[in-house]
Amino acid sequence: MEKSDEEIDAGFAFIMKDGPKSASGMQQLIWQTKTLKNPQSPIFGWPVALIEKALRNMSTDGVLAKKEFDWYVCLNHYEPWVLEILEGIWDFDIASLVLLGEPNCGKSPLGRSVLMAQRRHNKTRFAVDGNPCIRTTTEIDFLRGEVGSILMGDYLDDGSLKSLPMKVVKALLDVGLYEAMAWARWGATKWVANEPRAVADQFYNPNSKCEHDFWPSSTFQEFYGMIRPAFNENASEAEINAVFKRAAFLVNSKTHVYYRKAGVNEDLVQRKQIVNPEYLTPEGKKLYGLYKSGHKEPPANHAENIAKEQVWVEAVMKKRFQERREREAVDQGMPLGFLTTTSSAIAAGSITASMHSHPAPAVLGLNSYSSSSSSSSAPAPLAIKKEIFEKKKNIFHFKAGRLAAAQGSQFFIDLDMPSPPPSPVRLPDAFDMPDDLGEDVLEDMGEDPVRLPDAFDMPDDLGEDVLEEDMGEDPVRLPDAFDMPDDLGEDVLEEDMGEEDVFKFGGGLDGDED
């Protein structure tokens, strides 16, 4: 006799509720035999093989991580400085999040909230059906049994990273990989691309820190020494760099919170000086306490909190996409002016500031939002006019640069560029005009002064009377071989040597006796 869909659903619900989860002591076999022959049972007359398979699946599911759909602590339940940090390192569609540091600061709820926020964003971005969820476990083996999904995030909370082989750690953290897999006990764990993942651990080195508390950053070497104990002691430097490539870090010490974006570099690591930091707001702590006590009812404003959170995530992701386009443009040799907008136009922390200063948009549903349906009290968005001329000019510069490079030139003429100032006229190298030369001397020299030969160096203290009376307008050129002593007075020239004596020594008798 065929069963209806309602009868089938009721039968499996009965098995999951009353069926034994363990096969020890033949519990499942005894329960199956008695239930199948009971006419009042919802599974009376069902095939034995089907019941055996259902009970076996229940035994297997008992050691796997459960999906968590009800998580009511949203991102706006965290302190504003936490959101400012996340705004700077959020890249969780292609990177994972590693939370390290002191206990009792809120790492466990923060990891869940980040994963759930990215799940909700993926549902809208990729337009997929289903409900976002997360799986939380302390052992990576419990994540096997089900292939990952962009609507499901995996969270290794308080799992010891240092006990895992580095190839498993790299597979877990590689969000951008098309398909990541790792061997697990009794099977394998498999993740898909864009499935965000997070890890929380308490292992770190608190002694590796900057000596000055007030400095806003730490060196990469200090940060490397801080996070190194969290990983396998046999891990090489190259393997740790592979982790840096795949994951963003958030480390809380007793006095500071360190944060680093995913990437392989040795840039300074930013930090905030906060003594005994706590991530959750008072309202967030209250919600997290209700969750731990087993309370599953959502708060009255949960839909509004989700909408507010997703507006923030959407704005941050748009900024990340713009940064990626800029990096791609630089790699291709394209000037940034060719892009209509740049990420530098969005100041750091401005997205978080706007989240706390404006009310959330009107909610259309649990997982949907619309910025156009904002309440009347919210200020209207400021419309900024973009001049098309600037865009066309940037396109022209880009094409002109490419054309000039193709023709072997490194420059091109820009008609909008102002003309360079004319170069000053340089006097002949042989005649260096003194800086203090007065106008009367220029008048005496005339419009076309006679150029003195290179071999004759005129003394600096030669007065005008010598030029006019003794030398005349056409002074006699002394031979190159005759070096006139510096202390030779005018009376020697006029009385003792005379004009004939000058020519007598024209042969150059340097070194002869007087």
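Here the sequence shown stands for residues 19 to 532, numbered as in this note's numbering. Heads up, the beta-carbon is just placed ideally off N, CA and C, and yes, glycines get one too.
Residue closest to residue i, alpha-carbon to alpha-carbon, out of the options
i      : options                           : result
Phe62  : Tyr90, Asp88 and Ala28            : Ala28
Ser226 : Ser178, Gly119, Glu332 and Lys310 : Gly119
Arg289 : Asn283, Met134, Trp233 and Ser131 : Trp233
Leu286 : Arg343, Ala318, Cys92 and Tyr242  : Tyr242
Gln328 : Ala248, Glu105, Ser311 and Arg162 : Glu105
Ile292 : Val275, Asp175, Asp109 and Val100 : Val275
Glu315 : Asp88, Asn56 and Ala198           : Asp88
Leu93  : Asn75, Asn122 and Leu133          : Leu133
Val217 : Glu240, Val187, Ser236 and Phe238 : Val187
Trp209 : Tyr90, His230 and Gly166          : Gly166
Pro224 : Lys336, Thr273 and Lys84          : Thr273
Asp175 : Ala325, Pro121, His230 and Lys71  : Pro121
Gly534 : Asp349, Leu117, Ser77 and Glu20   : The question about residue 534 has no answer here: the residues shown for the chain are numbered 19 through 532.
Arg74  : Lys52, Gln46 and His320           : Gln46
Ser271 : Leu117, Asn56 and Ser42           : Leu117
Ala325 : Lys21, Tyr90, Ser311 and Arg345   : Tyr90
Val193 : Asn56, Ser236 and Val261          : Val261
Ala83  : Lys310, Glu164 and Phe144         : Glu164
Ser40  : Glu102, Ala72 and Tyr309          : Ala72
Glu301 : Val100, Glu344, Pro317 and His313 : Pro317
Gly281 : Ala135, Ala371, Arg342 and Tyr309 : Arg342
Per DSSP, cross-strand counterpart(s) of residue i
i      : result
Cys151 : Met170
Ser114 : Ala265
Lys85  : Arg153
His274 : Gln291
Gly177 : DSSP output for Gly177 lists no bridge partner at all.
Gly119 : Asn270
Ser235 : Gln288
Residue i, enclosing alpha helix (DSSP H) - first and last residue
i      : result
Tyr306 : Pro300 to Lys310
Asn323 : His320 to Asp349
Asn140 : Lys125 to Phe144
Arg264 : Glu255 to Arg264
Tyr242 : Phe238 to Ile245
Gln45  : Gln45 to Leu54
Val91  : Here Val91 belongs to no alpha helix (DSSP H), and DSSP marks it neither H nor E.
Val186 : Met184 to Leu191
Cβ shell of residue i (< 7 Å), same chain only, five flanking positions each side left out
i      : result
Leu195 : Ala211
Gly351 : none
Ile26  : none
Glu157 : Gly177
Leu298 : His95, Tyr96, Gly124, Pro127 and Tyr306
Asp23  : none
Ala31  : none
Val146 : Ile168 and Leu169
Val334 : Glu105, Trp108 and Ile369
Glu257 : Met184
Glu240 : Ser226, Lys227 and Cys228
Ser235 : Leu286, Val287, Gln288 and Arg289
Residues near residue i in its chain [Cβ-Cβ closer than 8 Å; skip 5 each side]
i      : result
Leu54  : Ile61, Phe62, Gly63, Trp64, Val66 and Ile69
Glu86  : Arg130, Cys151, Ile152, Arg153 and Thr154
Phe238 : Asn283, Glu284, Asp285, Leu286 and Val287
Tyr16  : Nothing in the structure corresponds to residue 16, since the chain is present only between 19 and 532.
N-terminal and C-terminal residue of the beta strand (DSSP E) that residue i is part of
i      : result
Tyr96  : Looking at the DSSP string, Tyr96 is not in any beta strand (DSSP E), and its letter there is neither H nor E.
Ala28  : Not the beta strand (DSSP E): Ala28 falls in the alpha helix (DSSP H), residues Asp23 to Asp36.
Arg215 : Arg215 to Ala218
Proximal residues to residue i (C-beta, below 6 Å), its chain only, five neighbours per side dropped
i      : result
His139 : Val331
Pro397 : Note on Pro397: pLDDT 45, under 50, position unreliable in the model; the coordinate value appears next. Excluding residues within five positions, none has a Cβ falling inside 6 Å.
Asn250 : Lys180 and Met184
Ile107 : Ala266, Tyr277 and Lys279
Gln50  : Ile69
Asp111 : Asn212
Leu191 : Ser114, Arg264 and Ala265
Asn252 : none
Asp172 : Arg153, Leu161 and Arg215
Lys35  : none
Asp219 : Leu118, Leu179 and Ala248
Leu268 : Leu117 and Tyr277
Interface flag, residue i vs chain D, CB-CB below 7 Å
i      : result
Gln291 : Here there is only one protein chain, and chain D is not present.
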